[in-house]
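The structure appears right after this line, and notes come after that.
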Amino acid sequence: MGERSIWTGLRRGLSERCPNCGEGRLFRGFLTVRSPCGVCGSDNARFPSDDFPPYLTILVVGHVVVPLFMWSDRAWELSSWAQAAVWLPVTLALCLALLPRMKGATVGLCWATGLVRQDRTG
Ligand SMILES: [Zn+2]
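In terms of this note's numbering, the sequence shown is residues 389 to 510.
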């Protein structure tokens, strides 16, 4: 299954693949972790992600959208409704695009470091 490194886990997670084999799809639907993996059988639901993926998503999207918003505000001096019409959909689209990848990266990071949920009975 290859080496268990942080980069391997992050790369596979960012591409929404099982961190253990890199082939099976990590999610069933938008954000539900598919467990066990359909290819290697890894129990990927044992890796916690909790609030970290939304935190990372907000961090990244905020650092992209806010500077672009400020730049466009100075460059074109658009009205408030025009700014909202541009930046709210951009923000929403970026969040929806990044959230599964950030969750995958978090699961991959947990896989690489061996961090598992302690409260699961299964
Ligand atoms: Zn797998």
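Just so it is clear, CB atoms sit at the ideal spot from N, CA and C, and this is done for glycine as well.
Do residue i and residue j have their C-beta atoms closer together than 9 Å?
i    : j    : result
V427 : G412 : yes
R392 : W499 : yes
F435 : P407 : yes
L480 : T445 : no
V449 : S460 : no
R400 : L414 : yes
D431 : P442 : no
R489 : L402 : yes
L484 : V452 : no
G397 : T501 : yes
Counting along the chain, where does the alpha helix (DSSP H) carrying residue i start and finish?
i    : result
S468 : S468 to T501
S460 : F440 to W464
R400 : I394 to L402
Mapping the DSSP letters down to three states, classify residue i as helix, strand or coil.
i    : result
R422 : coil
R405 : strand
R505 : coil
I'd like to confirm something about residue i: is its beta-carbon nearer than 8 Å to some heavy atom of ligand 3, or not?
i    : result
G417 : This structure lacks ligand 3; the ligands present are ligand 1.
Would you check if there are 3 or more beta carbon pairs closer than 8 Å linking the stretch 490-497 to the stretch 455-466?
no
Can you list every residue whose CB sits closer than 5 Å to some heavy atom of ligand 1, going in chain order?
C406, N408, C409, G412, C425, V427, C428 and S430
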